[in-house]
Every structure is written in C-alpha cells, then in structure tokens.
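Structure first, commentary second.
4 protein chains.
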Amino acid sequence: MSNTLGKLFTITSFGESHGGCIGVIVDGCPAGLSLSPADIQKDVDLRRAGFSPASTTREEKDKVEILSGIFNGRTTGAPICMLIKNESIDDTAYDKIKNLLRPGHADFTAHVKYGGFNDRRGGGMFSGRITATFVMAGAVAKKLLSTIGVETLAHTVAIGDIVAKPVPYEQIRQKALKDPLFCADAAASKKMLAAVAAVKKQGDSLGGIIEGVAFNMPVGLGESLFDTLDGDLAKALLAIPAVKGVEFGAGFTAARKKGSENNDPFALKNGKIVTVTNNAGGILGGISNGMPLVVRVAIKPTSSIALEQSTVDTKKMKETTIKVEGRHDACIVPRAVPVISAMMAVVLCDFAMRAGLIPRVLK
Amino acid sequence: MSNTLGKLFTITSFGESHGGCIGVIVDGCPAGLSLSPADIQKDVDLRRAGFSPASTTREEKDKVEILSGIFNGRTTGAPICMLIKNESIDDTAYDKIKNLLRPGHADFTAHVKYGGFNDRRGGGMFSGRITATFVMAGAVAKKLLSTIGVETLAHTVAIGDIVAKPVPYEQIRQKALKDPLFCADAAASKKMLAAVAAVKKQGDSLGGIIEGVAFNMPVGLGESLFDTLDGDLAKALLAIPAVKGVEFGAGFTAARKKGSENNDPFALKNGKIVTVTNNAGGILGGISNGMPLVVRVAIKPTSSIALEQSTVDTKKMKETTIKVEGRHDACIVPRAVPVISAMMAVVLCDFAMRAGLIPRVLK
Amino acid sequence: MSNTLGKLFTITSFGESHGGCIGVIVDGCPAGLSLSPADIQKDVDLRRAGFSPASTTREEKDKVEILSGIFNGRTTGAPICMLIKNESIDDTAYDKIKNLLRPGHADFTAHVKYGGFNDRRGGGMFSGRITATFVMAGAVAKKLLSTIGVETLAHTVAIGDIVAKPVPYEQIRQKALKDPLFCADAAASKKMLAAVAAVKKQGDSLGGIIEGVAFNMPVGLGESLFDTLDGDLAKALLAIPAVKGVEFGAGFTAARKKGSENNDPFALKNGKIVTVTNNAGGILGGISNGMPLVVRVAIKPTSSIALEQSTVDTKKMKETTIKVEGRHDACIVPRAVPVISAMMAVVLCDFAMRAGLIPRVLK
Amino acid sequence: MSNTLGKLFTITSFGESHGGCIGVIVDGCPAGLSLSPADIQKDVDLRRAGFSPASTTREEKDKVEILSGIFNGRTTGAPICMLIKNESIDDTAYDKIKNLLRPGHADFTAHVKYGGFNDRRGGGMFSGRITATFVMAGAVAKKLLSTIGVETLAHTVAIGDIVAKPVPYEQIRQKALKDPLFCADAAASKKMLAAVAAVKKQGDSLGGIIEGVAFNMPVGLGESLFDTLDGDLAKALLAIPAVKGVEFGAGFTAARKKGSENNDPFALKNGKIVTVTNNAGGILGGISNGMPLVVRVAIKPTSSIALEQSTVDTKKMKETTIKVEGRHDACIVPRAVPVISAMMAVVLCDFAMRAGLIPRVLK
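Residue numbers (my numbering), protein chains in the order written: chain A, 1 to 363; chain B, 1 to 363; chain C, 1 to 363; chain D, 1 to 363.
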C-alpha cells in the first residue's frame with residue numbers, strides 16, 4: 001500500500017467504503033491560509049450522489065470534519081487531517097456475493113494481494129468513494145493555487161458515443177458548472193442524460209471522457225526527466241478508479257498528424273511568448289509552457305451492473321454467475337468531474353511549491 | 001530537476017545530447033545477477049540510429065561502459081553506473097538557431113525554467129538521446145524480470161494514418177522484432193515505410209502509436225491507492241519525449257462501451273482464475289491481475305522538421321521563422337519501441353521487488 | 001512540514017497538544033495481522049502521565065481508536081488510521097504567555113517558520129504529546145517484528161548525574177519494565193527518584209540517557225550508503241522532542257579507544273558467526289550484524305520549568321522574563337522510554353520489509 | 001542499496017574502492033552557478049591521503065572530472081555527474097584475506113546481505129574512499145550555501161584521550177584550517193600527532209571527535225516532525241564509515257544538566273532575537289534558530305590494524321586470526337574533517353532549497 005502522493009505538498013488517504021470513515025491528511029500546506037470546513041464541503045458536495053440524475057440514490061451527507069492543522073481559522077503549517085464519517089451503509093447486498101469476484105472491480109487482485117484479508121464490502125479502499133478524500137485535498141490545493149491565480153476545471157466531453165462540441169476555454173466554466181453532467185454543450189448533455197437513462201433501464205452502464213483544464217499557468221512547472229508535469233498528473237489521475245487512459249493536448253490525435261500540423265508555432269502576445277495553437281496541451285519537455293494545461297481521461301463504464309455476468313466463486317473455486325445489486329451509478333462520469341479537477345490541483349500545487357511559487361507562509 | 005525514478009529498484013539518468021556522455025545509475029539491483037556490457041549493448045543497439053530506414057543518419061556507435069557495481073561478472077548489490085560517450089557531435093546546425101525556439105521542443109520551457117543557462121545544443125538533457133539511458137537501465141531490469149519469467153515487449157501499431165492489424169499476443173515477438181519498424185503486420189509496415197519516406201521528402205514528420213505488452217505477469221504488482229501499476233507506468237512512459245498519451249487495455253475505447261461489454265468476465269483455466277477478455281489490460285484497481293499487461297502510448301510526430309515554422313527569437317524578443325536543420329528522424333516511432341519496452345521493465349522490476357518476488361540475492 | 005517517516009512501512013503523524021486529537025496513519029502494514037485497540041492501548045498506557053512519580057499530573061486517558069485498516073480483527077493491507085482525542089485541556093496557562101518565547105522550546109523557530117500562524121498552545125504539534133502517536137505506530141511495528149522474533153526494548157541508564165550500573169542484556173526486560181523509571185538498576189532508580197523530587201521542588205528539571213536494545217536481530221537490515229540502519233534510527237529518534245544525541249554501541253567512548261580495543265573480534269558460536277564483544281552496537285557498515293542492536297540517546301532536561309528565565313516578547317519585541325506554569329514533568333526520561341522502543345520498532349520493521357523478511361500477507 | 005540522499009538537492013554516490021572509479025551525481029542544483037573542476041578539486045584535496053601525517057601513504061591523485069550538468073562554466077539545472085578514477089590500486093594485500101572477516105569492517109554484513117557477491121577488495125563500496133564523493137557533492141553545496149551567506153566548517157576536537165581546548169567559533173576557521181589535524185588548539189594538535197605516531201608504531205589506531213559548525217544560519221531550516229534538521233544531519237553523518245555517535249549543542253552533556261542550566265535564554269541583539277547561550281546547538285524543535293549550528297560526531301578508531309585479531313574464515317567456517325596489511329590511516333579523524341563539513345553542507349543546502357531560500361536560477 002502506498003497511500004501518499006506528492007513531494008512538498010502531500011496527501012495521504014485512508015478509510016474504506018463501508019468502514020467508519022474516509023479521510024485524508026494534507027501535509028506541507030503553507031501556514032496562514034484561511035481554511036474552514038465549508039471551503040472543503042463546497043467541493044465535496046459537487047461529487048455527492050444525487051447531484052446528478054446519472055448517479056446512485058445512496059444518500060450520503062458526506063459531512064467534512066477538520067481534525068488538525070487549523071488554528072484561529074488559518075492553516076498552521078501542521079498536517080491537516082480531514083474526514084467524512086460513513087453513514088447509510090447497507091452490507092446486505094455485499095454479503096451475498098462476498099466470495100464472488102465482481103468483473104471490472106479490484107476484488108480479484110485485492111483478494112490475491114491481501115490474502116483474502118481485504119475489506120471487500122463495497123470495494124473497501126478500492127471503492128470510488130475514496131475519491132471524496134481526493135476532493136477534500138483538492139479543495140485545499142485549489143485555495144493555495146488561487147493565491148497565484150491558477151485555476152483547475154474539469155468538464156464532461158463524452159459519454160458513450162455522444163461527444164460534446166468543443167467550447168472555447170473561457171466558456172467552459174460558466175457552461176459546464178451548471179450542467180447536471182458538467183457538460184459545456186447543453187444539447188449534447190441532453191442526449192447524454194437520455195443515453196444514461198436508457199442503459200440504467202437495461203441494468204447496464206456507460207463510460208465517457210472528461211477534460212481537465214488549468215488556466216493562468218505559470219511557465220516552468222514540472223521537473224524533468226522523471227517528475228514531469230504530465231507524468232505526475234497521469235499518475236495522480238490514474239489513482240482514480242475507472243480511469244483507463246490519459247492524454248495531453250492533441251494526445252492520441254497527435255499520433256496521426258504531421259509535425260508541421262502538430263507543432264505549436266511560437267508568437268509574441270502583449271510582450272509574452274505564447275504558442276499560436278495548443279496541441280502540446282500546455283506542456284513541453286514535461287514542463288508547463290504557460291498555455292492552458294489540457295488533459296483528457298478515459299472513464300470506463302461503471303463496473304457494477306445489474307446484468308448477469310460470468311465469474312468465479314473464490315471459496316468453492318468454481319465458475320458461476322453474478323448480478324451486482326445495490327445502489328450504483330449507471331454512469332460515473334459526472335461524479336468523477338470534480339475529482340479530476342481536484343487531483344489536477346493537488347499535483348499543480350505540489351509543483352508550484354517545488355518551483356518556489358507559493359511561499360511557505362501566506363500573509 | 002528530478003532525475004531519479006523508482007522506489008526499491010531506481011534509475012538516475014544524467015548527461016546531455018551534445019555533452020561528453022549520457023549515463024544512468026541503477027540502484028537497488030539484487031546481488032548475483034550475471035551482467036556484462038554486451039547484455040546492455042544488445043538493447044541499446046535496437047534503439048540506435050540507422051537501424052531503421054525511418055531514422056536519422058547520425059552515426060552513433062553508442063558503446064556501453066559499466067563503471068561500477070559489477071565484480072567477477074556479477075552484480076554486487078552496489079549501484080551500477082553505465083555510460084555512453086557522445087561522438088559524432090556537430091554543433092554548427094544548433095549555433096545558428098541558438099536564440100530561436102524550436103516549435104514542439106522544450107527549448108522555451110527550459111529557457112525560462114533554467115534562466116537561459118540550460119545546454120540547448122541538441123536539446124541538451126531534453127533530447128530523445130537521453131532515452132538510451134532508459135534502455136540501459138531497462139536491460140538490467142529485463143534480466144531481473146526474466147528470473148521470474150516476466151517479459152516486456154513493444155511493437156508499432158500505428159504510424160500516421162496507417163494502423164496495423166491486431167496480432168495475437170503470442171505472435172508479436174516473432175513478427176515485430178524482425179520488422180524494420182517493429183510492426184507485427186508486415187503489410188502495414190510496408191505502407192508505413194512509404195508514408196515515412198514521403199513525409200521525409202517534404203521535410204515533415206509523422207507520429208504513431210506503440211503498444212507495450214508484458215507477458216507472464218504475476219497477480220499483485222501495484223501499490224494502490226497512489227503507486228498504482230498503471231499510474232507508475234504512465235509516469236515512466238511520459239518521461240519519454242514525444243509521448244503525449246497513455247492508455248491501458250481498451251483505454252479510450254472503453255469510454256464508448258457499456259459495462260456489459262467492457263467488464264472482463266472471470267473464468268477458471270487450468271485451476272487458475274483468469275479473465276475471458278482483457279479490456280482491463282491486465283490491471284484492476286491499480287494491481288496486475290495476471291493477464292498480459294497492455295499499454296499503448298501516443299507518439300507525436302518528430303518536432304524537428306525542415307519546413308519553415310513561426311517562432312520567436314528570445315534574444316531580440318521578436319517574431320521570426322525557423323528551419324530546423326541537422327539529422328533528424330522523420331518518424332521517431334521505431335526508435336521509441338525499445339524504449340517503451342525498457343521503461344515497462346524498469347517499472348515492473350521495481351514493483352516485483354516491492355512485492356518481494358525478486359530476492360535481494362540471486363543464486 | 002514533513003510528517004511521514006519510512007519507505008515501505010510508513011507512519012504519518014498529525015494533531016496538536018491542545019487541538020481536538022492526535023493521530024497517526026500506519027501505511028504498508030502487511031495484511032492478516034491480528035490487531036485490536038487493546039494491542040495499541042497497552043503501549044500507550046506505558047507512556048501516560050501519572051504512571052511514573054516523575055511525571056505531570058495532567059490526567060490523560062489517552063484512549064486509542066482505530067478508524068481504518070482493520071476488518072474482522074485483522075489488518076487488511078489498507079492504511080491504519082489511529083487516534084486519541086485530547087481531553088483535560090487547560091489553555092489558561094498558555095494564554096498568559098502566548099507572546100513569550102519559552103526557552104528550550106520550539107516556540108521561536110515555529111513562530112518564525114510559520115509566520116506566527118502555528119498553534120502555540122502547549123507547543124502545538126511540537127509538544128511531547130505527539131510522541132503518543134509514535135507509540136501507537138510502534139505497537140503495530142512491534143507486533144509485526146514479533147512474527148520474526150525481533151524485540152525492541154528501552155530502559156533508563158542515567159538521570160542527571162546518577163548512572164545505572166550495567167545489566168546483562170537478558171536481565172533488562174524483567175528488571176526495567178517493573179521499575180517506575182524503567183531503570184534496571186533498582187538502587188540507582190531510587191536515587192534517581194529522589195533527584196527528580198528534589199529538582200521538582202526547586203521548580204527545575206532533569207535530563208538523562210535512555211538505552212534502546214533490539215534482540216534477535218537478523219543479519220542484513222540497513223541499506224548503505226545512505227539509508228543505513230544507524231542513520232535511519234538516529235533520524236527517527238531525533239524526531240522525539242528532547243533528544244539531543246544518539247550513539248551506537250561504544251558510541252562516543254569508541255572515540256577514546258584504540259582499534260585493538262574497539263574492534264569486535266569474530267568467532268563461531270553454534271555454527272553461527274558472532275562477535276565476541278559488541279562495541280559496534282550490532283551495526284557494521286550501516287547494516288545489522290545479528291548482535292543485539294544497542295543505541296543510547298541523550299534526553300535534555302524538560303524545557304518547561306517554573307523558575308524565572310530571560311526571554312523576549314515577540315509582540316512588543318522587548319526583553320522580559322517568563323515562568324512556565326502548567327503541569328510539566330520534572331523529568332521526561334521515563335515517559336520517553338516507551339517512545340524510544342516504539343521508534344526503534346518502526347524503523348526496524350521498515351528495514352525488515354525492505355529486506356523481504358516480513359511477507360506482505362501474514363497467515 | 002539506497003545510494004541517494006536528499007529531497008530537492010540530492011546526491012547519488014557510486015563506485016568502489018578498487019573498481020574503476022568513484023563518483024556522484026548532484027541533482028537539483030539550481031541553474032546558473034559558476035562551477036569548475038577546480039572548485040571541487042580544492043575540497044577533495046583536503047581529504048587526500050598524505051595531507052596529514054596521520055594518514056596512509058596510498059598515493060591518490062584523486063583528479064575530479066565533471067561529466068555533465070555544466071555548460072559554459074555554469075550549472076544548467078541538469079544533473080551534475082562527477083567522478084574520480086581510481087589509481088594506484090594494489091589488490092595483493094586483499095587477496096590473501098578475501099575469506100577472512102576484518103573486525104570492525106562491513107565484510108561480514110556485506111557478505112551475508114549480498115550473498116558473497118559484494119566486491120570486498122578494499123571494502124568495495126563500504127570503503128572510506130567513497131567519502132570522497134561526499135566531498136565532491138559538498139563542494140557544490142558549499143558554493144550554493146555561500147550565495148546566502150551560510151558556511152560549514154569542521155575541526156578536530158579530540159583524538160584518543162587528548163581533548164582540544166574550546167576555541168571561540170570565530171577563531172576556528174583560521175586556526176583549524178592550517179593545522180595538519182584540523183585542530184584549532186595547536187598545543188593539543190602536537191600531542192595528538194605524537195599519540196597517533198605512537199599507535200602507528202604499535203600497529204594500532206586511534207579514534208576521535210570532530211565538531212561541525214555552520215555559521216550565519218537562517219531561522220527556519222528543518223521540516224518537523226520527521227525531516228528535522230538534526231535528524232537529517234545525523235542520518236547523513238552516519239553514512240560516513242566510522243561515525244558511531246552524533247550529538248547537537250550540549251548533546252550528551254545536556255543529559256546531566258538541570259533545565260535552568262541547559263535552556264538557552266532568549267535576548268535581543270541588534271533588533272534580532274538570539275539565545276544567550278547555545279546549548280541547543282542552533283536547533284529547536286528540529287528547526288534552525290539562527291545561532292551557529294553545532295554538531296559533534298564520534299569517530300571510532302580505524303578498523304584496519306596490523307595487530308593480530310581473532311576472526312572467522314567464511315569459506316572454511318573456522319575460527320582463525322587476521323592481520324590487516326596494506327596502507328591504512330592510523331587515525332582517520334583528520335581525513336574525515338572535510339567530509340563532515342561537506343555532508344553538513346549537502347543537508348543544509350537541501351533544507352535551504354525546501355525553505356525557498358535558494359532560488360532555482362542564480363543570476
């Protein structure tokens with residue numbers, strides 16, 4: 001188990017889906033940042049079930065508590081421990097299938113790796129629920145990044161076969177944030193909702209693609225050769241269950257282009273060096289180039305489906321079938337959107353601190 | 001700068017394209033492994049210019065030297081320092097453009113991050129040449145992995161618009177390794193060669209997609225939440241210049257599937273639990289599931305092209321144009337193939353050591 | 001702030017003396033270890049105030065809660081979060097001196113480093129109270145080490161000028177553990193108690209020396225050059241407030257010896273290679289040699305004393321005097337004993353895991 | 001093996017006593033630092049054999065080469081690889097004893113840990129010779145620290161029973177640097193030289209104590225709880241073979257003092273907060289307090305002595321005796337002095353970078 005991410009600004013997550021709580025420690029946060037539970041709650045609420053029609057009906061209040069690291073409303077420089085107590089837990093659905101491997105889940109790998117001692121209820125620590133701790137940490141990172149003007153944002157660009165029309169960067173915030181699927185293309189969003197409703201009826205699920213963007217990026221974040229900005233972002237984003245691919249800028253499309261099409265020419269704009277296009281997604285040589293950072297992640301369809309699937313009973317070591325009951329999102333995409341944005345903030349914050357851009361004490 | 005990768009099995013790269021040498025330190029290698037310069041040279045030669053018709057004509061002998069860590073032909077447990085002296089260096093092409101930012105390169109970001117002190121000749125440490133050090137480290141990792149039967153392999157699956165036909169895993173090795181583009185589909189390879197020759201004539205370049213596969217994987221490699229197998233692989237692969245995207249198994253395709261299509265059902269085969277399909281690419285919950293590990297990376301077209309491009313002169317702070325002369329690969333894809341395979345080996349070896357699968361002393 | 005220690009077996013501490021709680025996350029613990037709050041409580045109780053006549057009268061129940069990482073009474077492989085809620089907190093003593101730097105404390109350095117935002121009540125996170133979290137983590141480490149027979153133990157060897165007579169290793173456990181000062185020399189212990197009582201009356205304090213011993217050590221723990229067993233032990237022990245020196249085996253005495261006196265000759269005992277003496281303290285070249293590991297730490301006298309001391313008022317920036325009121329130990333040594341033993345266990349456990357001696361799953 | 005030290009400013013050592021070379025990679029050095037081989041050579045020469053009458057007669061030229069990271073005489077931000085080729089190697093003395101464990105050396109632990117594959121000639125990588133790489137790295141760190149006014153210095157304070165008289169901090173530099181034993185007390189130095197000559201005649205050796213001091217320290221270096229300034233210094237210093245103890249300020253003496261004697265009162269001096277005494281050695285709560293940093297290390301007597309010692313033949317598994325021939329220092333203390341100073345610089349430089357005091361680009 002390796003539950004700590006980052007170098008100067010680090011997060012350490014803990015907890016399980018059906019245990020007493022989930023939580024996270026943010027370490028390395030500069031002192032003097034104004035921070036309250038409400039600052040964290042706001043972001044956690046975006047991830048909550050029930051916000052989107054695509055989500056489960058499990059009623060999670062997800063109330064954020066801050067246990068340490070705050071004094072007189074400000075960060076002290078000490079580690080910030082935050083947690084959410086688990087409520088509304090129903091284990092009956094899991095008891096029935098406790099020896100059956102749910103296809104697409106970590107049941108099998110965890111079972112082998114932890115010798116069967118892992119807490120399989122609801123996926124234990126492999127549950128998507130753990131991403132609420134990423135959002136908590138991200139909320140702190142976002143406040144820190146805001147002190148240097150950097151903002152991270154994510155939006156849904158595809159669900160199943162339905163692809164949103166591209167929208168200029170500056171319109172994403174206002175259009176996506178009020179959409180139930182965090183999609184900036186209202187017409188596409190309607191079709192996506194219909195598609196999700198359709199698969200839900202079938203007991204099936206859908207995946208999609210989320211795009212993350214960071215605005216007002218400084219030049220110079222990233223530590224090549226190995227601690228590249230793209231590398232560390234990809235690593236952090238792949239910690240989100242269901243993410244199966246990550247691409248930057250033109251990404252896999254770049255593979256089909258000529259150099260003359262893919263290279264971003266340099267130009268001057270208001271005395272600053274910029275690129276005319278942004279196929280690089282704001283990263284050159286593993287280092288931010290000041291253009292908007294653009295990353296897209298592939299979200300696989302929710303693994304928990306009501307349809308019958310072939311599987312193995314690990315106790316009897318026999319082939320059998322499984323129907324995964326319980327409350328599950330037919331499409332996890334909208335709930336992953338704030339997680340993507342949070343994780344980007346965590347990584348960018350760490351790099352900004354390494355680059356010396358965020359001071360150790362905020363005034 | 002962060003030039004060390006890994007936790008128990010670590011690599012630290014150094015050197016520049018036009019400096020005296022490039023090299024790498026492999027630390028954490030178990031004692032007792034039989035290792036000679038020839039073991040390393042063999043893999044380095046696969047990456048060498050001139051091997052493939054798509055590559056530059058820069059004549060690099062790339063002779064591997066081992067400076068430490070070997071005694072009586074075996075590893076000692078001490079760090080293994082290996083290097084390749086740079087030869088056949090021609091700085092004239094770079095002198096002319098030393099204040100001009102080459103589009104697609106790290107010139108701009110390095111210039112800002114290092115205050116203009118970076119060695120810009122040939123891209124300095126951002127040069128693709130540094131990947132020869134990844135191959136050196138990978139050769140050690142491959143020997144270690146072979147002691148537990150794990151093998152990594154990479155092959156070209158697309159160049160520009162030309163996509164190779166899928167080939168069963170077991171045929172990749174024999175078909176791809178003898179192809180000049182490391183492509184397992186001979187018909188596609190021919191078309192790819194023609195496409196590369198065509199863009200070369202135009203002074204342009206092409207990108208592509210490489211697939212990496214690891215065979216005979218044990219169950220249990222990967223340390224969720226954050227040091228996932230996919231996360232650390234993605235991070236390592238994105239350290240390779242030109243990689244702009246990474247996906248596992250069905251990857252971005254999974255985003256368009258239903259859960260019932262994308263989930264890999266479990267079954268028993270010879271008393272072992274396997275998955276019937278491999279959309280997961282051999283990874284569930286960030287941990288290997290014993291199926292072949294499948295990763296694909298997007299390689300952008302070579303940034304160095306002979307065509308005129310818009311850019312900025314950083315000394316005069318004026319817009320101008322640039323033609324990048326010198327010897328460049330019109331398509332970097334075939335030379336990146338052994339690098340992908342090497343980096344996979346480095347990461348897998350580290351995880352195998354963390355899991356206790358490779359002992360600290362080999363007999 | 002860097003609140004994580006270790007590589008494979010890691011601990012992350014959080015909390016403040018006068019905040020809501022103190023706690024620790026143990027990450028990397030193998031799955032399958034039987035673990036209950038009582039296992040932890042037992043060790044925490046040894047550190048508690050009131051146990052020893054030398055200690056403060058602050059009544060701390062210090063009840064251990066486990067928030068995550070346990071399922072059906074066994075560790076799951078997931079991070080184990082444990083905490084102790086703070087009770088019986090009285091801030092009045094601190095309010096009066098909130099702008100006065102207490103000599104010997106971290107008040108000044110924390111004030112500067114954290115820009116005055118640090119929680120100074122009771123020393124905040126610099127309080128000795130945080131060492132209860134080390135004991136919690138150590139209790140887990142001790143259980144793990146017991147699976148390979150390794151045991152760590154600490155005892156008081158000096159308080160002020162009173163030095164305990166040396167006791168054979170095998171007698172330390174039985175003699176020291178029942179002594180109120182954890183001193184194996186009963187006669188010395190009586191004098192120590194009298195000495196502590198005397199300084200307490202004066203409003204003053206005393207320091208001392210604690211010796212830690214690890215029995216049944218395997219050969220080979222330690223990762224030279226830099227992650228040596230002695231180096232990482234020293235680092236961990238210096239995280240305990242009040243520790244000002246660390247020495248191994250003959251330690252500073254070795255500096256006065258000749259090589260012929262200090263070298264430990266090798267011999268065979270029951271077919272195993274041993275050393276005849278143990279001036280090395282069980283460590284050669286940063287690696288354990290199988291002999292008992294012996295480390296001694298210097299504990300400075302408690303910084304909080306009732307006597308008047310010169311200091312500075314940081315608000316008025318004027319020289320003044322301070323009397324530190326509140327409940328303080330006249331001698332912290334006995335309360336530090338279980339902390340030394342715990343920290344040794346944490347470090348040894350990490351190295352044992354790196355050496356592959358403790359499996360990832362316990363049966 | 002863990003041969004990398006540091007977080008932002010890191011060093012990675014490699015090489016063996018009787019292999020082709022020894023070397024080090026300095027990573028994380030800011031760009032723009034003027035650096036030449038002569039800057040490094042100057043410090044390496046201080047450690048060289050033959051400088052002091054106490055040292056071996058092995059003639060080592062120890063010529064420093066810089067392989068990477070420098071362009072136009074300045075650091076580029078890329079890793080700096082430096083090495084020294086080994087010359088004047090005579091293996092005959094070691095061949096005779098290759099199966100005999102030298103008491104006091106790492107022969108035994110390395111033999112077990114590395115299954116007999118370690119390079120035992122001259123101690124291999126456990127040789128004191130490897131400390132020349134620490135000096136190389138330290139030379140870079142010292143240049144960086146000089147940009148913020150910080151200076152590290154070490155001097156001999158005891159050899160065997162002879163203890164130097166205390167000298168005011170400000171006199172150490174001028175007095176110690178010109179002394180053959182780096183001792184600031186000329187009278188003591190003479191006696192020390194005689195004592196060393198005497199044991200040399202007997203075929204025996206002597207240890208001693210070295211004090212390191214860092215001047216002009218900023219307040220705030222150190223990252224409690226676990227990455228304390230004292231903890232990381234101790235860890236780095238214990239990587240030097242022969243160091244068996246580390247203490248800060250009053251150190252072990254503090255254990256015998258009362259709080260009222262040991263606490264350093266605060267006062268104002270030229271508008272700055274200082275301590276009147278320096279029993280803390282410049283560190284409070286693991287963080288520098290701006291006073292001179294004072295650390296003392298115990299150096300054990302040279303393990304290689306010409307006298308007959310009991311040992312074991314690992315091949316025959318029989319008890320026998322050994323006389324360690326070859327060229328050895330009768331007292332390693334003077335040669336360790338520049339190493340102590342170098343290691344202090346390496347650690348302080350890393351902390352200064354973490355605190356944001358040294359910019360990423362030097363102008």
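Yeah, the Cβ is synthetic: ideal placement off N, Cα and C, and Gly gets one too. Computed from a predicted structure; not experimentally measured.
Check, Outcome
"THR133(B): first and last residue of the uninterrupted alpha helix (DSSP H) it sits in", "131 to 146"
"THR109(A), enclosing alpha helix (DSSP H) - first and last residue", "107 to 113"
"THR156(A) at chain B interface by Cβ criterion, 8 Å", "no"
"Cross-strand partners of THR275(C) (DSSP beta bridge)", "PHE266(C)"
"Endpoints, beta strand (DSSP E) assigned at VAL157(A)", "151 to 159"
"is_contact[ARG48(A), chain D] using C-beta, thresh 8 Å", "no"
"Chain B within 8 Å of ASN86(D), Cβ atoms only", "no"
"Three-way DSSP call (helix, strand, coil) for THR76(C) in this model", "coil"
"Interface partners of HIS105(C) on chain D, CB under 8 Å", "LEU284, GLY285"
"Three-state secondary structure assigned by DSSP to THR92(D)", "helix"
"Under 9 Å from the C-beta of ASP264(A): neighbouring residues of chain C", "Those do not exist, as ASP264(A) stays about 38 Å from chain C at its closest Cβ, beyond 9 Å."
"Chain C contacts made by the stretch 59 to 80 of chain D, where a contact means CB separation under 9 Å", "none"
"Interface flag, LYS143(C) vs chain G, CB-CB below 8 Å", "No chain G appears in the structure shown, which is made up of the protein chains A, B, C and D."
"Beta-carbon neighbours of ALA267(D), restricted to chain C and to distances below 9 Å", "SER310, THR311, VAL312, GLU319"
"Distance between ALA267(C) and VAL312(D) (C-alpha atoms, nearest Å)", "6 Å"
"Interface residues of chain D facing GLU16(B) [CB-CB closer than 9 Å]", "SER68, GLY69, PHE71, THR76, ALA78"
"Segment contact flag, the stretch 205 to 220 of chain C with the stretch 141 to 156 of chain C, C-beta cutoff 8 Å, min 3 pairs", "yes"
"Distance, ALA242(C) Cα to ILE25(D) Cα", "35 Å"
"Endpoints, the alpha helix (DSSP H) within which VAL297(C) is located", "No alpha helix (DSSP H) holds VAL297(C); the beta strand (DSSP E) holding it covers 293 to 299."
"Contact with chain D by ALA236(A), beta-carbon distance below 8 Å", "no"
"Short CB-CB distance (under 8 Å) between GLY128(C) and chain A", "no"
"C-alpha gap between GLY249(B) and ALA254(A), whole angstroms", "20 Å"
"Proximal residues to MET317(B) (C-beta, below 6 Å), its chain only, five neighbours per side dropped", "none"
"DSSP state of VAL167(A) mapped onto helix, strand, coil", "coil"
"Expected contact under 8 Å - CB spacing of MET291(C) and THR275(C) to nearest Å", "6 Å"
"Proximity winner among ILE340(B), ALA306(B), LYS323(B), relative to ALA330(B) (alpha-carbon distances)", "ALA306(B)"
"Proximal residues, the stretch 19 to 32 of chain B versus chain D, C-beta separation under 9 Å", "GLY19, GLY20, CYS21, ILE22, GLY23, ILE25, ASP27, GLY28, CYS29, PRO30, ALA31, GLY32"
"Reduced DSSP secondary structure (H/G/I, E/B, other) of VAL44(A)", "helix"
"Proximity test, ASP185(A) beta-carbon vs the ligand FAD heavy atom, cut-off 7 Å", "The ligand FAD is not part of the structure shown, which contains no ligands of any sort."
"Span of the alpha helix (DSSP H) around ILE340(D)", "333 to 354"
"Segment contact flag, the stretch 278 to 286 of chain D with the stretch 87 to 107 of chain C, C-beta cutoff 8 Å, min 3 pairs", "yes"
"Listed by chain order, chain A residues near TYR94(C) by CB distance under 8 Å", "Result: empty, since nearest Cβ-Cβ is about 12 Å, beyond 8 Å."
"With 16 other Cβ atoms within 10 Å as the buried cut-off, status of GLY160(D)", "buried"
"Rounded distance between the beta-carbons of VAL295(B) and GLY245(B), thought under 8 Å", "Wrong, their Cβ atoms sit about 11 Å apart, outside the cutoff."
"Endpoints, beta strand (DSSP E) assigned at GLN309(C)", "309 to 313"
"Contact between the stretch 169 to 176 of chain C and the stretch 7 to 18 of chain D (3+ Cβ pairs under 8 Å)", "no"
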